[in-house]
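Colleague: Submitted below is the structure of interest, expressed as structure tokens.
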Amino acid sequence: MNERWLNAAVVAGLVAFPLWALWMDEPFLITLATRAVILALAGVGLNIALGLGGLVSLGHAAFFGIGGYAMGILASHAQAYAPIMEWPFLIEGTKSMPVIWIVAMLAAALAALAIGALSLRTSGVYFIMITLAFGQMLYYFAISWPAYGGEDGLSIYVRNGFPGLNTLAPAPFYGLCLTVLLIALAAHWQIARSPFGLALNAARQSPARVETVGIAPFRLRLVAFTVSGAITGLAGALFADLNRFVSPVMFSWQTSGEIMVFVILGGVARLFGPVVGAVVFITLEHWLGGLSDYWHIYLGALLLGVVLFARGGLIGLVAGRGGHE
Amino acid sequence: MSDPVLNVVGISKRFGALEASRDVTLDLRAGEIHALIGPNGAGKSTLIQQIAGWLTPDAGQIMLNGDDITGLSAAQRARAGLGRTFQVSALAMQDTVLQNALLGALGAAGRLSLWGSAMARGEIRTRAEAALDRVGLGGAADMRVADLSHGQRRQLEVAIALTLRPRAFVMDEPMAGLGGQGSRELTALLDGLRGEAPILLVEHDMDAVFALADRISVLVYGRIIATGTVDEVRANDEVRRAYLGDAA
Chain P
13 MNERWLNAAV
23 VAGLVAFPLW
33 ALWMDEPFLI
43 TLATRAVILA
53 LAGVGLNIAL
63 GLGGLVSLGH
73 AAFFGIGGYA
83 MGILASHAQA
93 YAPIMEWPFL
103 IEGTKSMPVI
113 WIVAMLAAAL
123 AALAIGALSL
133 RTSGVYFIMI
143 TLAFGQMLYY
153 FAISWPAYGG
163 EDGLSIYVRN
173 GFPGLNTLAP
183 APFYGLCLTV
193 LLIALAAHWQ
203 IARSPFGLAL
213 NAARQSPARV
223 ETVGIAPFRL
233 RLVAFTVSGA
243 ITGLAGALFA
253 DLNRFVSPVM
263 FSWQTSGEIM
273 VFVILGGVAR
283 LFGPVVGAVV
293 FITLEHWLGG
303 LSDYWHIYLG
313 ALLLGVVLFA
323 RGGLIGLVAG
333 RGGHE
Chain H
10 MSDPVLNVVG
20 ISKRFGALEA
30 SRDVTLDLRA
40 GEIHALIGPN
50 GAGKSTLIQQ
60 IAGWLTPDAG
70 QIMLNGDDIT
80 GLSAAQRARA
90 GLGRTFQVSA
100 LAMQDTVLQN
110 ALLGALGAAG
120 RLSLWGSAMA
130 RGEIRTRAEA
140 ALDRVGLGGA
150 ADMRVADLSH
160 GQRRQLEVAI
170 ALTLRPRAFV
180 MDEPMAGLGG
190 QGSRELTALL
200 DGLRGEAPIL
210 LVEHDMDAVF
220 ALADRISVLV
230 YGRIIATGTV
240 DEVRANDEVR
250 RAYLGDAA
């Protein structure tokens, strides 16, 4: 099957799913699908760094968690009618999703810029370890931050609002998250086809070549890492809003690993790789999780099979070679 | 005599006890091909790495069109007008031939926008396609580089360097791994390039060197022992002893 048709089928499935769930009177499935869509968004963020830039980041939970805490801090102050700070200038909380998203993306982008500026001076296993270390630093910081729940995390009573939409109902919130995901996919598509994307892709394959034509690979990677972090941060804000809860677990290395699993499972550098990966992951978690507490064993076997026999991921298995394997 | 386009003055480089470059001075003049030859381990690649910005010399100065480029990075030197090809092809193997050439044209133009398409028709693409036509790869523009022959990859390296519209080429063993026919074709191509920019050519293929070079410098143990025309170098006793042997 052509990859474009496969992608179109995935979009059609994601659009039709809540209608089917409502018809089946299974609103919980919409919440489950919302979780998949938000995690796919986190994967789309990572796919820009990993798929286009070849940056194996094991610290993307840092950005996911920052997005989550941006939501948690803003919303908790808004619901308590307590400003975040009063001096030197007043900053109040908010329950407005668009504002929260902007703050989450900016905070995650800034963190990615700082982490990238240091870690991108290394490569290979050192880059993996440094990104992992930054993620764990933030994890332990969140645990030891009593003002915002420490180890117990932070709860929000009511989901934040979006103008003209009832975000408390599962279907509209799902639609909102799906729209954000599609916009992020469009952004990935545009970056990949742009002159910047061409250079980033070449830098992944041959940094020496890129440098020899006057382009510094470090700058390309830093921009890609920052954009990637911002998108994963946005996913973190939505994820926290879905659960109305944020905790240090969002920063953990397991979260980083799961985001990477979505990308590898679906197909690295494949536009819809993280979407397919996250949907399959959540489906397995739901179905196999009901059968056995040890469902990760089956997931592990599937991942092993994909890595060994379908290096283009599940999309590569259906649509053939492409991306980079 | 024209002013040198590229001037290497007193370059020295030491790796521990090994002195890879010893007070090397050479120049590259407009319209010429200056070959740098020497036995294996003479320090040719180390010298090229220093000229192209991949290694920092311990002492000495590198000038391009009168500007001191010694402190610039490889990317900055490329933007300053130094077009380099590698001994082992450094290409984006999964991309197409045209995409590789576009990379050079985009780098030269300094346009790395997040908007639009890299493949869009316009000045950049025209420049890339012209470079591919120039080296005879116009018909292979849509082929993946991984599917190219070794000789075609060599041609593509030259095409990418051409997209930079360089002031000087630095080519590290472009004939390496080519058969007789491929070597002759690339020799003809390089012969035609000298009018666009002078070439500093590191090469082991002596047929190509003697066919192309206006001047030859001979590097032995990191030191230039002779510089001159083909006939002058062939007649040099020290060069005969150190490198060419009786066959020359």
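Chains P and H, in that order, are what the protein sequence lines are. According to the numbering used here, the first sequence holds residues 13 to 337 in order. According to the numbering used here, the second sequence holds residues 10 to 257 in order. Ideal Cβ positions, reconstructed from N, Cα and C, are used throughout, including at glycine. From a predicted model like this one, the values you see are computed outputs, not experimental measurements.
Given this structure, state the Cα-to-Cα distance separating L198/H from Q190/H, to the nearest angstrom.
Modeller: Using only the alpha carbons, I get a separation of about 12 Å.
Colleague: Which value, in whole angstroms, describes the spacing of the CA atoms of V227/H and G47/H?
Modeller: Each residue's alpha carbon lies about 5 Å from the other.
Colleague: Kindly say whether L210/P, judged by its beta-carbon, lies nearer than 8 Å to any beta-carbon of chain C.
Modeller: Considering every chain present, this structure includes no chain C. Its protein chains are P and H.
Colleague: Name the one or two DSSP bridge partners that S30/H has.
Modeller: In the DSSP output, where bridge partners are listed per residue, S30/H has K22/H.
Colleague: Could you check what DSSP says for A73/P in three-state terms: helix, strand or coil?
Modeller: Correct three-state label for A73/P: helix.
Colleague: Please check the pair V154/H and L100/H, which I expect to be a contact at CB under 8 Å, by giving their CB distance rounded to whole angstroms.
Modeller: Indeed they touch by this definition, with Cβ atoms about 5 Å apart.
Colleague: Can you name, in chain order, every residue of its own chain whose Cβ lies under 7 Å from the Cβ of R250/H, other than the five neighbours on each side?
Modeller: Cβ neighbours of R250/H beyond the five flanking positions: none.
Colleague: For I60/P, which three-state DSSP category applies?
Modeller: Helix, per DSSP.
Colleague: In chain order, which continuous runs of the alpha helix (DSSP H) of length 4 or greater are located wholly inside the segment 103 to 168 of chain H?
Modeller: DSSP runs (the alpha helix (DSSP H)) wholly in the segment 103 to 168 of chain H: 106 to 118, 132 to 144.
Colleague: Reducing DSSP to helix, strand and coil, say where F257/P ends up.
Modeller: Residue state, collapsed to three classes: strand.
Colleague: Assuming N19/P and G285/P are in contact, meaning their beta carbons sit under 8 Å apart, how far apart are those beta carbons, in whole angstroms?
Modeller: That belief does not hold up - the Cβ atoms of N19/P and G285/P are roughly 10 Å apart, past 8 Å.
Colleague: To the nearest angstrom, how far is the alpha carbon of G1/H from that of I195/P?
Modeller: It is not possible to answer for residue 1/H, since the shown part of chain H is limited to 10 through 257.
Colleague: If you measure from the beta carbon of R93/H to each beta carbon in chain P, is any gap under 8 Å?
Modeller: Yes, because at least one Cβ of chain P sits closer than 8 Å to the Cβ of R93/H.
Colleague: Taking only the alpha-carbon atoms, compute the straight-line gap between I42/P and L31/P and give it to the nearest angstrom.
Modeller: Going by the C-alpha atoms only, they are around 9 Å apart.
Colleague: For the putative contact between R93/H and A129/H, defined by C-beta atoms under 8 Å, what is the C-beta separation to the nearest angstrom?
Modeller: About 27 Å separates the two Cβ atoms, so there is no contact after all.
Colleague: Using beta carbons (cut-off 8 Å, strictly below), is G324/P in contact with chain H?
Modeller: With 8 Å as the cut-off, G324/P does not count as an interface residue toward chain H.
Colleague: Answer with buried or exposed for N14/P, where buried requires no fewer than 16 other C-beta atoms within 10 angstroms of its C-beta.
Modeller: Exposed is the call here.
Colleague: Using a beta-carbon distance below 8 Å, is L26/P in contact with chain H?
Modeller: No, no contact with chain H.
Colleague: Note down, in chain order, all residues in the segment 96 to 110 of chain H with a beta-carbon under 8 Å from any beta-carbon belonging to chain P.
Modeller: Cβ contacts with chain P come from A99, L100, A101, M102, Q103, D104, Q108, N109.
Colleague: To the nearest angstrom, how far is the alpha carbon of Y160/P from that of L193/P?
Modeller: In a straight line, the C-alpha of Y160/P is about 28 Å away from that of L193/P.
Colleague: Beta-carbon of T106/P versus every beta-carbon of chain H: anything under 8 Å?
Modeller: No - not a single Cβ of chain H is within 8 Å of the one on T106/P.
Colleague: List the residues of chain H whose Cβ lies closer than 7 Å to the Cβ of E15/P, in chain order.
Modeller: What E15/P touches in chain H: nothing, since even the nearest Cβ is about 16 Å away.
Colleague: Identify whether P13/H lies in helix, strand or coil by the three-state DSSP scheme.
Modeller: Residue state, collapsed to three classes: strand.
Colleague: How far does the alpha helix (DSSP H) with I155/P in it reach, from first residue to last?
Modeller: That run of the alpha helix (DSSP H) goes 136 to 155.
Colleague: Between L73/H and F178/H, what straight-line distance do the alpha-carbon atoms span, to the nearest angstrom?
Modeller: Going from the Cα of L73/H to the Cα of F178/H covers about 11 Å.
Colleague: Pull up the distance between the alpha-carbon of P39/P and that of L180/P, whole angstroms please.
Modeller: C-alpha separation (whole angstroms): 12 Å.
Colleague: On the criterion of 16 or more Cβ atoms from any shown chain inside 10 Å, does M97/P qualify as buried, or is it exposed?
Modeller: Result: exposed.
Colleague: Let's test the definition: count the other Cβ atoms within 10 Å of the Cβ of M36/P and tell me whether it reaches 16, buried, or not, exposed.
Modeller: So M36/P ends up on the exposed side.
Colleague: For F237/P and A33/P, what's the separation of their Cα atoms in angstroms?
Modeller: Answer to the nearest angstrom: the Cα atoms are 36 Å apart.
Colleague: When you compare only the Cα positions, how much space is there between M152/H and H308/P?
Modeller: So the alpha carbons of these two residues sit roughly 42 Å apart.
Colleague: State the CB to CB distance for the pair G145/H and E138/H, rounded to an integer number of angstroms; the pair is presumed to be in contact (CB under 8 Å).
Modeller: The Cβ separation is near 13 Å, so there is no contact.
Colleague: Which partner residues of F174/P appear in the DSSP bridge assignment?
Modeller: In DSSP, F174/P forms a bridge with L177/P.
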